[in-house]
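Encoded as structure tokens, the structure appears first; notes follow it.
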Amino acid sequence: MQYLLMIYQNEVEYAKNDAATSQKMLAEYQAFTQSIIQSGNFKAGDRLRPTTTATTVRVRDGKTLTTDGPFAETREQLGGYYLIEAKDLNAAIEIAARIPSARIGSIEVRPIWVYDK
Amino acid sequence: MTPSEIDKIFRDEAGRALATLIRLVGDFDLAEDALQEAFAVALERWPACGAPDNPRAWLVNVAKHKAIDRVRRQTVFRGKEQQLVHELELNAQAVDEPPAMLDDDMLRLIFTCCHPSFAPEVQVALTLRTVCGLSTVQVARAFLVSEEAMAQRLVRAKQKIRLAGIPYEVPERDTLVPRLDGVLTVIYLVFTEGYVATSGADLMRPDLAVEAIRLGRLLDRLMPERAGIKGLLSLMLLHDARRAGRETAAGDVVLLEEQDRMLWDRKQIEEGLRLVDDALRLPGRPQAYAVQAAIAALHARAASFEETDWAQIAGLYEVLLRISPSPVIELNHAAAVSMVDGPARALDLVDAITARGGLNGYELLPAVRADLLRRLGRKDEARAAYLAATEATQLEPLRRLYARRMREMD
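Rendered as structure tokens:
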């Protein structure tokens, strides 16, 4: 099965990290990504630029409305994702728990709706 | 065969038959529907020819064929379903499986219902519905929600099992232990719902208590070295052993101090006492369930209410407060202290819990307070507390008990 692992964390807090902490996190992410590439679970994954760069689009009555940033005033923001292939939810949870940010923020695990082509 | 005999077989076999069917067909709803159809066939045939030697294997086999028919009947065949029919037909002959396999199926079902990706109340609801075979209406009643809301919740949960890929399996050794705690919690909740119902006309739901004990035995047989399982099983057996003494023929509550101990089930008490000894002897830190069972054992061993070893019970509650602190245990501790040091000291403890707001809305808090005030002779305050207790509970026998207490004070 395919799962999207969505990485949420407080980006304001995260931005306050000093260079050494950020460096360490980056290294941990590289090691993690390597490990799931080697185990065959990795399909895709990227880090997102901060929400300050985001634009939200809605179409209402045929008119396109754009607003600055995401609307929700949540404590944690989507900061990146992995698309993985895993045997079942337990395997996906096990992988999600190894994402470095799981210790700081939270990881949402969602099965992918696969359409028959 | 009479309909009531058939009904008993259904009740005894439904849970395990369903557990096996889910493994075979891989879908909760399909398995449930197919089993219903198999029951219908049995109701037609068994009154005339009697039940087969192995009714569960028979039910599973008939249900399996019903499931195959159902999938076949669906007009649009998708690859996955064709595969399912094929697999089902392949093993359609192998019905008489060894009992160990069926036990595993039951355990699989419990662990699936108690998967940590479900909210705790969903775990309990799903277990009650699927493992214990309660109807959706009954589960809704236990949770004080509408039948529609509960049906929705169960549909969503079953959907999640299928779509999110929650495996139908007993977890492997290294992930089993953290999962086991959740399973024990759910079994205990099923038991407590049977021991004192949340609402309604009847104090107890013995069917639930019996089911929880059966699940406890099953786990203990599969993992005999776990003190938590032995402790929980012992606790449930010792509590349930008092069942016949806990209510009058009219369904009124008989409190521990008034119970006729001759009505207690001695054989079940012996089993409970053996298990708690075993649990406490296993290596490792003391387990909360084992300590609770040790408290129940002291009650079971006492020849009368007056001869109960209250000092040791209060001490065990203190141990319990150290290993798993909770305001409910504090309240129980206070009740035990009232038997050792008198109601005044216990009332201080209860008021301290209230002041911290730890048990806001817990229905037994005003009842314990009322009882202490009554014993202190503070009648007006006691009356107010009994009224608060009456308002807090949804259970008719408890309301009658509080009314009786108030009458006795007049």
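From first to last, the protein sequence lines are chains Y and E.
Going by my numbering, the first sequence opens with residue 1, and the numbers climb by one from there.
Going by my numbering, the second sequence opens with residue 1001, and the numbers climb by one from there.
The C-beta atom is built at its ideal place from N, Cα and C for all residues, glycine as well.
Whole-Å CB distance - residue i paired with residue j, under 8 angstroms assumed
| i | j | result |
| --- | --- | --- |
| residue 1035 of chain E | residue 1024 of chain E | With 8 angstroms as the limit, residue 1035 of chain E and residue 1024 of chain E do not qualify as a contact, their Cβ atoms being about 11 angstroms apart. |
| residue 1334 of chain E | residue 1291 of chain E | Incorrect: roughly 17 angstroms between the Cβ atoms, too far for contact. |
| residue 1132 of chain E | residue 1190 of chain E | 6 angstroms |
| residue 1280 of chain E | residue 1294 of chain E | 7 angstroms |
| residue 1197 of chain E | residue 1395 of chain E | 6 angstroms |
| residue 1221 of chain E | residue 1111 of chain E | No, residue 1221 of chain E and residue 1111 of chain E are not in contact; Cβ-Cβ is about 16 angstroms, not under 8 angstroms. |
| residue 10 of chain Y | residue 76 of chain Y | 5 angstroms |
| residue 1228 of chain E | residue 1275 of chain E | That pair is no contact at about 12 angstroms. |
| residue 38 of chain Y | residue 112 of chain Y | Incorrect: roughly 22 angstroms between the Cβ atoms, too far for contact. |
| residue 1263 of chain E | residue 1244 of chain E | 4 angstroms |
| residue 1203 of chain E | residue 1251 of chain E | 7 angstroms |
| residue 1200 of chain E | residue 1141 of chain E | 7 angstroms |
| residue 79 of chain Y | residue 47 of chain Y | 7 angstroms |
Buried versus exposed, by CB contacts within 10 Å (16 or more), residue i
| i | result |
| --- | --- |
| residue 107 of chain Y | buried |
| residue 1008 of chain E | exposed |
| residue 1405 of chain E | buried |
| residue 1158 of chain E | buried |
| residue 34 of chain Y | exposed |
| residue 1011 of chain E | exposed |
| residue 27 of chain Y | exposed |
| residue 978 of chain E | Residue 978 of chain E is absent from the structure shown; chain E starts at 1001 and stops at 1410. |
| residue 1099 of chain E | Legend: pLDDT at residue 1099 of chain E = 47, less than 50; position of this residue unreliable, no value from coordinates given. |
| residue 1146 of chain E | exposed |
| residue 1325 of chain E | exposed |
| residue 1013 of chain E | buried |
| residue 8 of chain Y | buried |
| residue 1313 of chain E | buried |
| residue 1306 of chain E | exposed |
| residue 87 of chain Y | exposed |
| residue 1267 of chain E | exposed |
| residue 1233 of chain E | buried |
| residue 13 of chain Y | exposed |
| residue 94 of chain Y | exposed |
| residue 1338 of chain E | buried |
| residue 1397 of chain E | buried |
| residue 68 of chain Y | exposed |
| residue 1061 of chain E | buried |
| residue 1123 of chain E | buried |
| residue 53 of chain Y | exposed |
Residue(s) in a DSSP beta bridge with residue i
| i | result |
| --- | --- |
| residue 58 of chain Y | Y/65 |
| residue 109 of chain Y | Y/5 |
| residue 45 of chain Y | Y/82 |
| residue 1253 of chain E | E/1247 |
| residue 1394 of chain E | E/1199 |
| residue 77 of chain Y | Y/9 |
Selected residue, minimal CA-CA separation from residue i, among the options
| i | options | result |
| --- | --- | --- |
| residue 1135 of chain E | E/1032, E/1266, E/1244 | E/1032 |
| residue 1265 of chain E | E/1138, E/1176, E/1257, E/1241 | E/1241 |
| residue 1049 of chain E | E/1030, E/1069, E/1001 | E/1001 |
| residue 1037 of chain E | E/1317, E/1018, E/1182, E/1054 | E/1018 |
| residue 36 of chain Y | Y/110, Y/104, Y/99 | Y/99 |
| residue 1390 of chain E | E/1382, E/1384, E/1399, E/1383 | E/1399 |
| residue 1027 of chain E | E/1129, E/1168, E/1044, E/1047 | E/1168 |
| residue 1126 of chain E | E/1120, E/1113, E/1149 | E/1113 |
| residue 1213 of chain E | E/1231, E/1198, E/1199, E/1226 | E/1231 |
| residue 1137 of chain E | E/1151, E/1130, E/1124 | E/1151 |
| residue 41 of chain Y | Y/85, Y/111, Y/110 | Y/85 |
| residue 1216 of chain E | E/1205, E/1206, E/1201, E/1236 | E/1236 |
| residue 1044 of chain E | E/1003, E/1271, E/1234, E/1199 | E/1003 |
| residue 1347 of chain E | E/1323, E/1378, E/1320, E/1317 | E/1378 |
| residue 1411 of chain E | E/1218, E/1199, E/1192 | Absent from the model: residue 1411 of chain E. The displayed extent of chain E is 1001 to 1410, so no value can be given. |
| residue 1365 of chain E | E/1376, E/1351, E/1062 | E/1351 |
| residue 74 of chain Y | Y/95, Y/51, Y/102 | Y/51 |
| residue 91 of chain Y | E/1029, E/1107, E/1165 | E/1165 |
| residue 1376 of chain E | E/1298, E/1393, E/1342, E/1385 | E/1342 |
| residue 1355 of chain E | E/1331, E/1340, E/1338 | E/1331 |
| residue 1056 of chain E | E/1074, E/1073, E/1105 | E/1105 |
| residue 1029 of chain E | E/1058, E/1066, E/1042 | E/1066 |
| residue 96 of chain Y | Y/45, Y/61, Y/20 | Y/45 |
| residue 1154 of chain E | E/1144, E/1129, E/1163 | E/1129 |
| residue 1308 of chain E | E/1297, E/1318, E/1211 | E/1297 |
| residue 1259 of chain E | E/1247, E/1269, E/1323 | E/1247 |
| residue 1239 of chain E | E/1261, E/1269, E/1283, E/1225 | E/1269 |
Partners in chain B for residue i, counting only beta-carbon separations shorter than 7 angstroms
| i | result |
| --- | --- |
| residue 1164 of chain E | Among the protein chains of the structure shown, namely Y and E, there is no chain B. |
- Item | Any beta strand (DSSP E) of 3 or more consecutive residues that is wholly inside the region 1088 to 1169 of chain E | none
Give the list of continuous beta strand (DSSP E) stretches no shorter than 3 residues that lie fully inside the region 1165 to 1240 of chain E.
none
Complete runs of the beta strand (DSSP E) confined to the region 1358 to 1389 of chain E [at least 3 residues]
none
Could you give the uninterrupted runs of the beta strand (DSSP E) lying entirely in the region 1265 to 1299 of chain E, keeping only those of 3 residues or more?
none
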